[in-house]
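Input: a single structure, listed below in structure tokens.
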Amino acid sequence: MAEPLLVVERVSRRFGGLLAVDAASLSAPVGRITALIGPNGAGKTTLFAIISGFLKPSAGSIRYNGEEIAGEPPYRLARRGIARTFQIVQPFAGLSVRENILVGSHLRHRARADALTAAEQVGREVGLGDMLDRPADTLTVAGRKRLELARALATEPKLLLLDEVLAGLNPSEIRDIVPVIRGLCARGMTIMMIEHVMQAVMSLSEHVFVLAEGRVIAEGPPSRVAADAAVVEAYLGHGAAAKLGASHAL
Amino acid sequence: MRGFISIAAVIAVLAAVPLVIQSNATLNFLVVTLLIALAGQGWNILGGYGGQYSFGHAAFFGTGAYVTAILQVRYGVNAWIGFAAGIAAGAAVGAIIGGLTFRSGLRGSYFALVTLAFAEVLRIVASVAPIAGAGVGTLIKLDLRAQAFQFQSRAVFYWVILALVAISLLIARLLERSRFGVWLIAVRENEDAAMALGVNATMVKLGAMILSAAITATAGCFYAQYFLFIDAGIAYGTWISIDALLTPIIGGVGTVFGPLLGALVVKSLGEGAKLVAGDAPGLDLVIYGVVLVLVIWFAPRGLIGAVTDARKLMLRCSSRSVREAADG
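Chains A and B supply the protein sequences, listed in that same order. First residue of the first sequence? That's 1 in the working numbering, and the numbers climb one at a time after it. First residue of the second sequence? That's 251 in the working numbering, and the numbers climb one at a time after it.
Written out as structure tokens, the structure reads:
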């Protein structure tokens, strides 16, 4: 099997006395959807910030496409083909939806006309076709999440890091956006997603990493991970797995 | 294309003014207004499009003025070459200040304060340095020939500054439609999001700072040629920093015509206030201040912003009624 597109090896990040990420290792194979889950405060977003260059790791190595990229600034990683979305959506509030996406598409298209064409195409792909000329700050939460995705896609990434794109959406909105993500994967894009919506994680990804207190405590196919005693304890507290086991035994 | 036609139309109308009005006082007033509009457009590139509010554009204005004057007076350099050198020197000062502030990650009010400090330092240096004429100032010799960049007629000066303003309008329009401009606006709106999309925010801001400094320095060069006298308080004084930021803010930040409109309004108000107040000392300033407060209160995005806001509001209302009609 070919080397995964992204390999994170024993990456740590310390904030003063707090070890937010503790020797975490994970990988994202080409053309697959890999999920990163874990309870609140586990360090998932910090790990994403490190991979996308917004934070420098205190230790460890990150290889993308076989090259070491730890500590490179975000704009250079974007040029290499790594795009991310933000958990707290960050639209360019004063601009229209089209202009928002244009910022991303200009990365690969210098000429304005080409960049505008590309932006429009991406906008339609994520289902914002009717709202291209709306000011970004008039979009609903679901619309903003789509815009976040569209801007990232406009940079034509090979590796897409999605930070809770489904959080805050209602079930029907989730149903609408899941096929979009699956479509990207079918086109050969490699995706790593942080997600709390377990139903989506189960249906989308083949491989899950579980982060708790900065450490990767389990990995594997979603169904196996969900049954893992360490994972259950991380979410529900110490001793929970035993109690659950006992109640099953009864 | 429409964006360029509007510039051509505005410039054509302004170019015709000296054919109608021959009054020296009026032309003088218009030359100063256009000079402020040019300095304001420089500020607008960095502050309006880039969101980096500088309080120290006097640093660039003064450098342009001093380099133009000193090269002629002390080194006998041709005025046109001095003019070009002044622009280049202003841009260089922009590169230095921008390099220091942006690389160390200064944003918002910290950036504003540091730019103010740079301008003040330059003012103090100019007021003691012998080469700048120290406290006495620098006087450019009267030499009314085109090759000395001096003209007998006010109208010619007027057309020269108008041409410079026209170029600055074109630059702003081209900026809006270029990749660099799109990235600059993205940095203004949200620096982190811009970086995630591949924008090197530091370099984009630095580029905008250099362009901004060059344009404001051009206004300084012209000032020296037009008035033929500068001292530290004129060239590096806070008045020009304030005028350079006030005109785009009043006219409309981040718009092509904002600085020009703002300069026309602010300068007309100033003159009008003087007429109304007559000789009562300071009363004109009071009127001026009250009007400023009113504009900022009722049109926080400037006069052009107020017009586009009203248009957007109408659009939104009409689209809502369409939607309601469709639902109903």
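Glycine residues also receive a C-beta, built at the ideal position from the N, C-alpha and C atoms.
Asked, Found
"Quick one: what's got a C-beta closer than 7 Å to Leu264 (chain B)'s C-beta in the same chain, skipping five residues either side?", "Leu412"
"Which stretch, first to last residue, makes up the alpha helix (DSSP H) that contains Ile346 (chain B)?", "Ala329 to Arg353"
"Taking the alpha carbon of Ala167 (chain A) as the point to measure from, which residue in A:Gly188, A:Lys158, A:Ile194 and A:Val180 has its own alpha carbon closest?", "A:Ile194"
"Any C-beta of chain B within less than 9 Å: which residues of the segment 70-81 of chain A qualify?", "Pro73, Pro74, Tyr75, Arg76, Leu77, Ala78 and Arg79"
"Can at least three beta-carbon pairs, one atom from the segment 416-423 of chain B and one from the segment 338-356 of chain B, be found at a separation below 8 Å?", "no"
"From the beta carbon of Val386 (chain B), is the nearest beta carbon of chain A less than 7 Å away?", "no"
"Taking 6 Å as the line, does the beta carbon of Thr34 (chain A) fall inside it for any heavy atom of the ligand SAH?", "For the structure depicted, the ligand SAH is absent and the ligand set is empty, with no information on it obtainable."
"With a cut-off of 8 Å, do at least 3 Cβ pairs link the segment 213-225 of chain A to the segment 26-42 of chain A?", "yes"
"Taking the beta strand (DSSP E) that Thr190 (chain A) belongs to, which residues open and close that run?", "Thr190 to Ile194"
"Name, please, each residue of chain A whose Cβ falls closer than 7 Å to the Cβ of Ala444 (chain B).", "Val103"
"With a cut-off of 7 Å, does the C-beta of Thr155 (chain A) fall near any C-beta of chain B?", "yes"
"Rounded to whole angstroms, how far is the Cβ of Gly332 (chain B) from the Cβ of Thr318 (chain B), which I believe are closer than 8 Å?", "5 Å"
"Compute the beta-carbon to beta-carbon distance between Trp433 (chain B) and Val103 (chain A), rounded to the nearest angstrom, for a pair I have assumed lies under 8 Å.", "7 Å"
"Quick check on the DSSP output: the alpha helix (DSSP H) that includes Phe368 (chain B) runs from which residue to which?", "Gly358 to Val378"
"Flag Glu426 (chain B) as yes if its beta-carbon sits less than 7 Å from any beta-carbon of chain A, otherwise no.", "no"
"What residues in the segment 20-53 of chain A bring their beta carbon closer than 7 Å to a beta carbon of chain B?", "Ser52"
"Residues of chain A with CB under 8 Å from Ile255 (chain B), in chain order?", "Result: empty, since nearest Cβ-Cβ is about 18 Å, beyond 8 Å."
"Can you check which of these residues, B:Arg324, B:Gly298, B:Ala329 and B:Ala446, is closest to Tyr473 (chain B) by C-alpha distance?", "B:Ala329"
"From Thr313 (chain B) to Ser377 (chain B), what does the alpha carbon distance come to, in whole angstroms?", "13 Å"
"Could you give the first and the last residue of the continuous alpha helix (DSSP H) run that contains Arg252 (chain B)?", "Arg252 to Ala265"
"Are the beta-carbon atoms of Met192 (chain A) and Thr46 (chain A) separated by less than 7 Å?", "no"
"Straight-line CA distance for Leu461 (chain B) to Ile295 (chain B)?", "7 Å"
"Among A:Ile181, A:Ala154 and A:Pro171, which one has its Cα closest to the Cα of Asp163 (chain A)?", "A:Ile181"
"Label Ala186 (chain A) either buried or exposed according to how many other C-beta atoms from any shown protein chain fall within 10 Å of its C-beta, with 16 as the threshold for buried.", "exposed"
"Quick check on His238 (chain A): buried or exposed, where buried means 16 or more other Cβ atoms within 10 Å of its Cβ?", "exposed"
"Can you tell me where the alpha helix (DSSP H) with Leu95 (chain A) in it begins and where it stops?", "From DSSP, Leu95 (chain A) is part of no alpha helix (DSSP H); its letter is neither H nor E."
"Please confirm if Gly578 (chain B) has its CB atom under 7 Å from at least one CB of chain A.", "Note that Gly578 (chain B) scores 48 on pLDDT, short of 50, meaning its location in the model is unreliable; the coordinates nonetheless yield the value given after this. So no, Gly578 (chain B) is outside the interface."
"Tell me whether Leu184 (chain A) is buried or exposed, calling it buried when 16 or more other Cβ atoms sit within 10 Å of its Cβ.", "buried"
"Applying a beta-carbon distance threshold of less than 7 Å, which residues of chain D neighbour Ala93 (chain A)?", "Among the protein chains in the structure shown, which are A and B, there is no chain D."
"Output yes or no for whether 7 Å exceeds the beta carbon distance between Ser25 (chain A) and Pro4 (chain A).", "no"
"Considering only residues of the same chain and omitting the five flanking positions on each side of Arg84 (chain A), which have a CB-CB separation below 7 Å?", "Phe48, Ser52, Ala152, Leu161 and Asp163"
"I'd like the list of long-range same chain contacts for Ala266 (chain B), defined as Cβ closer than 6 Å, with 5 residues on each side in sequence excluded.", "none"
"If you drop the 5 nearest sequence neighbours on each side, which residues of the same chain put their C-beta closer than 6 Å to that of Asp481 (chain B)?", "Gly387"
"Just curious, the alpha helix (DSSP H) that Leu495 (chain B) is in, first and last residue?", "Thr488 to Gly501"
"Compare the beta carbon distance of Ile337 (chain B) and Ala467 (chain B) with 7 Å and say whether it is the shorter of the two.", "yes"
"Excluding five sequence neighbours on each side, which residues of the same chain lie with their C-beta closer than 6 Å to the C-beta of Gly253 (chain B)?", "Arg423"
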